[in-house]
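Worksheet for the structure shown next.
There are 2 protein chains.
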Amino acid sequence: MSDERIVILAHEKFPDRAKTALGVMRYGDQDLRAVLDRDRAGDRVRDHVPDLADAPIVESFADAYAAADGEVDALYIGIAPIGGGFDESWRGDVRAAIEAGCDVVSGLHYFLNEDAELAALADEHGVDLVDVREPDDDLTVATGASGDVDADVVLTVGTDCSVGKMTASLEIVAAARERGIDAAFVPTGQTGIMIAGWGNPIDRVVSDFTAGAVEDMLVEIGDNHDLLVVEGQGSIIHPAYSAVTCGILHGSMADGLVLCHAAGREVVHGYESFSLPPVSEYLDLYEGLANPVHETSVVAGALNTKDVADDAAATEAVAAFADDAGVPAADPVRDGADRIVDGIVAAGLGEDA
Amino acid sequence: MSDERIVILAHEKFPDRAKTALGVMRYGDQDLRAVLDRDRAGDRVRDHVPDLADAPIVESFADAYAAADGEVDALYIGIAPIGGGFDESWRGDVRAAIEAGCDVVSGLHYFLNEDAELAALADEHGVDLVDVREPDDDLTVATGASGDVDADVVLTVGTDCSVGKMTASLEIVAAARERGIDAAFVPTGQTGIMIAGWGNPIDRVVSDFTAGAVEDMLVEIGDNHDLLVVEGQGSIIHPAYSAVTCGILHGSMADGLVLCHAAGREVVHGYESFSLPPVSEYLDLYEGLANPVHETSVVAGALNTKDVADDAAATEAVAAFADDAGVPAADPVRDGADRIVDGIVAAGLGEDA
């Protein structure tokens with residue numbers, strides 16, 4: 001939530017194995033007061049990640065609360081063990097946060113609201129346990145209302161899972177705002193939801209409501225901005241996750257698509273017997289599938305070059321990708337998203353309605 | 354379930370407003386002992402629907418049980434009020450069935466298992482309350498295993514919702530069996546599940562598990578048959594339901610597709626501001642989207658001509674549809690599915706492995 005004063009729990013994992021924590025710190029509007037990591041207590045954030053806003057790293061919630069003079073609104077769980085369980089070594093900190101009147105925000109598979117002790121304690125202290133993976137229970141089927149919002153809608157779509165769609169979306173919003181465009185991020189996954197402080201976890205909703213859960217978000221904020229950037233999920237030809245991708249594509253009724261790819265990726269991540277088709281085929285697939293519902297086209301590309309050796313090779317890879325896709329492209333992490341926003345603006349999107 | 358001795362509840366609605374009852378009676382392998390309809394007690398099924406197996410229509414479960422000499426395994430709820438609620442006027446019959454040791458099978462949104470009285474009574478009498486809309490809780494993401502089953506897989510895909518995909522699937526299975534092909538129906542919706550006596554309600558599963566819930570069924574029976582016919586849902590360009598369609602398309606890894614259409618349909622049912630593209634475009638969309646995961650093509654067409662005035666006009670409409678799609682086609686209700694099976698067999702599908 002904007003300006004929420006937060007403490008992030010990242011015990012024994014900050015910074016390299018604390019992806020959620022880093023995502024919230026880099027892209028969230030929250031006001032970070034401290035990081036909990038018992039292995040690095042006494043250090044500061046800038047000792048490990050120089051380009052993020054600084055804050056102390058402390059051992060426990062009690063220390064964080066003291067360091068912040070009690071000015072804390074929420075504790076965020078910024079790490080996830082394999083399997084998404086709750087680590088019992090965190091219980092004391094979570095309990096202390098609740099007792100101090102703080103909400104607790106978690107993207108774990110384990111729902112804090114289903115933990116009898118924590119739920120009772122939260123109730124007693126009048127605070128919220130926010131399980132961001134748990135969908136609202138009033139979601140329903142799409143009506144087609146996404147097409148009626150005032151904002152232009154851009155959706156990041158991928159050649160695969162794990163190619164950087166969330167990061168690209170957030171960098172596009174940041175670069176658009178730099179240009180004075182009133183842009184907002186629409187999250188669809190748990191890290192995005194923790195960063196944004198709201199949103200529906202699309203991969204957890206009832207399959208019939210996939211498009212409806214996206215529409216629900218666009219309708220909620222679509223008249224308050226000029227550009228919405230929807231975080232895509234999966235890929236339209238993913239053997240397991242394409243349903244989610246397709247529901248987001250039609251539910252968002254995007255006016256423009258940003259195609260995201262990871263340099264060098266040739267097979268589906270985790271499903272290596274399935275090859276990725278050429279980039280040009282993705283353009284046909286996404287546009288062909290979207291158009292009968294809402295006219296759109298790929299207006300820019302985002303290439304993740306994290307596995308490319310050096311800047312020169314990355315620049316070359318981005319140029320080749322832009323050429324294949326026939327649109328402006330950039331690596332939003334290495335280069336920033338300015339060239340991507342060029343493509344969005346060139347398509348007439350993001351202007352004052 | 355095959356040979357299950359059943360009574361179907363259809364109070365005040367048999368036959369015209371009892372679609373689920375008629376579906377089970379027409380296509381199920383169950384052994385029907387009686388229909389409950391208090392408005393038509395004393396009549397027989399053949400008085401109203403001459404081409405179905407005959408059975409008495411009675412006022413209450415007690416009468417049905419007596420008429421069947423106690424040879425009843427299950428009570429099926431064969432009607433659904435708008436909204437899918439439970440009509441309290443049925444409670445006495447459901448209670449009587451449970452007390453007689455019968456399972457109760459329901460496709461209502463209202464889950465019988467969550468009705469405290471009925472759940473306790475079922476527990477006491479050791480019978481099952483089968484809510485077919487409730488997904489198994491051990492579903493998970495697809496692994497790609499559908500591609501490995503021995504059977505050839507055919508999927509019915511649609512130009513829209515409500516064009517007759519379930520009926521086409523069931524008629525294809527019947528026509529294939531007539532030719533000696535060991536074919537089986539794979540249900541994906543609640544009526545199909547009641548007819549088949551098993552299956553996952555794909556539109557109710559967590560969106561991330563859409564493809565996985567289809568795979569789960571194919572793996573369960575795919576090595577026991579030569580041809581599986583998967584009931585499709587929605588359409589790949591439906592503004593609300595395309596996620597379900599896409600998940601079934603990739604989760605089934607179909608070897609052949611049967612394109613289903615309703616004669617005269619020009620806009621999306623219930624979403625009339627969205628036009629249907631030409632038939633040829635659906636071929637490109639379905640094949641283009643499926644092929645990167647599993648090579649397939651449209652091998653036949655099913656045209657629903659229920660709104661066409663007479664047989665001559667229907668024959669003409671079917672011929673025009675076959676021409677547009679470039680494959681053999683039929684109205685499976687008016688003509689039977691023989692020509693559709695011709696297309697399936699011509700593609701080399703359904704033969705002994």
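Protein chains in written order, with the working numbering: chain A, 1 to 353; chain B, 354 to 706. Glycine is no exception: its CB is placed at the ideal position from the N, C-alpha and C atoms. Every value quoted in this text rests on a predicted model; they were computed, and no experiment measured them.
Assigned secondary structure, residue i (DSSP; H/G/I helix, E/B strand, else coil)
i                : result
Ile590 (chain B) : coil
Phe274 (chain A) : strand
Ala176 (chain A) : helix
Ala320 (chain A) : helix
Val299 (chain A) : strand
Cys161 (chain A) : coil
His125 (chain A) : helix
His603 (chain B) : helix
Thr668 (chain B) : helix
Asn644 (chain B) : coil
Phe464 (chain B) : coil
Thr520 (chain B) : helix
Asp491 (chain B) : coil
Ala498 (chain B) : helix
Asp152 (chain A) : strand
Phe14 (chain A)  : coil
Val620 (chain B) : strand
Val596 (chain B) : Per the sequence shown, the amino acid found at residue 596 (chain B) is Ala instead of Val. Helix at Ala596 (chain B).
Ala184 (chain A) : strand
Val279 (chain A) : helix
Ala682 (chain B) : strand
For residue j and residue i, believed in contact at Cβ under 8 Å, the rounded distance
i                : j                : result
Asp513 (chain B) : Val621 (chain B) : 6 Å
Leu405 (chain B) : Ile361 (chain B) : Leu405 (chain B) to Ile361 (chain B), Cβ: 11 Å. No contact.
Ser207 (chain A) : Ile555 (chain B) : 6 Å
Asp152 (chain A) : Leu227 (chain A) : 5 Å
Asp569 (chain B) : Asn553 (chain B) : 6 Å
Gly164 (chain A) : Ala302 (chain A) : 7 Å
Ala329 (chain A) : Gly336 (chain A) : So it is not a contact: roughly 12 Å between Cβ atoms.
Val583 (chain B) : Val558 (chain B) : Not quite, the Cβ-Cβ distance comes to about 15 Å (not below 8 Å), so this is no contact.
Val646 (chain B) : Ile236 (chain A) : At roughly 10 Å, the Cβ-Cβ gap does not stay under 8 Å, so Val646 (chain B) and Ile236 (chain A) are not in contact.
Val130 (chain A) : Asp103 (chain A) : 6 Å
Ala562 (chain B) : Val502 (chain B) : A small correction: the amino acid at residue 562 (chain B) is Phe; Ala does not occupy that position in the sequence shown. Contact doesn't hold; Cβ gap of about 19 Å is too wide.
For residue i, the first and last residue of its enclosing beta strand (DSSP E)
i                : result
Asp31 (chain A)  : Asp31 to Leu36
Ile8 (chain A)   : Arg5 to Leu9
Val258 (chain A) : Gly256 to Ala262
Val582 (chain B) : Leu580 to Val583
First and last residue of the uninterrupted alpha helix (DSSP H) at residue i
i                : result
Asp456 (chain B) : First-last for Asp456 (chain B): Asp456 to Ser459, but that is the beta strand (DSSP E), not the alpha helix (DSSP H).
Asp484 (chain B) : Here Asp484 (chain B) belongs to no alpha helix (DSSP H); instead the beta strand (DSSP E) covers Leu482 to Asp484.
Ala699 (chain B) : Asp691 to Ala699
Ala196 (chain A) : Gln190 to Ala196
Leu571 (chain B) : Thr563 to Ile574
Val94 (chain A)  : Arg91 to Glu99
Val24 (chain A)  : Lys19 to Tyr27
Beta-carbon gap between residue i and residue j smaller than 7 Å
i                : j                : result
Leu259 (chain A) : Val157 (chain A) : yes
Ser595 (chain B) : His250 (chain A) : yes
Phe464 (chain B) : Glu441 (chain B) : no
Gly84 (chain A)  : Met253 (chain A) : no
Ile344 (chain A) : Val154 (chain A) : yes
Asp39 (chain A)  : Glu12 (chain A)  : yes
Asp691 (chain B) : Ala528 (chain B) : yes
Val458 (chain B) : Tyr429 (chain B) : yes
His125 (chain A) : Gly101 (chain A) : yes
Ala371 (chain B) : Ile432 (chain B) : yes
Gly565 (chain B) : Leu492 (chain B) : yes
Gly350 (chain A) : Ile181 (chain A) : yes
Arg448 (chain B) : Ala421 (chain B) : no
Ala615 (chain B) : Asn657 (chain B) : yes
Gly617 (chain B) : Asp664 (chain B) : no
Phe185 (chain A) : Ala168 (chain A) : no
Gly497 (chain B) : Pro239 (chain A) : yes
Gln383 (chain B) : Gly460 (chain B) : no
Chain-ordered chain C contacts of residue i [CB-CB under 8 Å]
i                : result
Ile589 (chain B) : This model lacks chain C altogether, as its protein chains are A and B.
Which whole runs of the beta strand (DSSP E) in the stretch 30 to 87 of chain A are 3 residues long or more, in chain order? 31 to 36 and 74 to 77
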